[in-house]
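Numbering (my numbering), first residue to last: 2 to 100.
What follows is a set of notes on a single structure, which appears directly below.
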């Protein structure tokens with residue numbers, strides 16, 4: 002499942018970004034899926050995108066919270082979301098169904 006972990010800081014530092022990346026790597030089922038970014042219009046927020054093994058969302062949230070609390074107490078706020086994966090369309094959808 003896809004996960005977005007957005008974390009707000011007073012002023013995010015390089016160390017905050019590295020801690021967020023380390024937390025995502027500890028949680029992911031595919032280390033290559035980890036991306037950490039910020040948006041110019043929301044400079045206080047860093048966003049980690051990564052995948053986790055499928056599990057109930059409440060269990061994933063608890064696991065993410067425990068991991069992040071252990072790693073960094075410098076945050077002001079955080080939000081966890083589970084974006085849906087885009088479904089294959091047309092030919093790709095048929096191929097997926099047919100194997």
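Virtual Cβ for every residue (Gly too), placed ideally from N, Cα, C.
Note that the structure is a prediction, hence the values are computed from the model and not measured.
Item	Value
Below 8 Å on the Cβ atoms is my contact criterion, and I expect residue 47 with residue 37 to pass it. Report the Cβ-Cβ distance as a whole number of Å.	6 Å
Note the first and the last residue of the continuous alpha helix (DSSP H) segment covering residue 15.	15-28
With respect to the beta strand (DSSP E) encompassing residue 45, which residues constitute its N-terminal and C-terminal limits?	43-52
Look up residue 78 in the DSSP assignment and say whether it is helix, strand or coil.	strand
How many Å lie between residue 58 and residue 28 at the Cα?	13 Å
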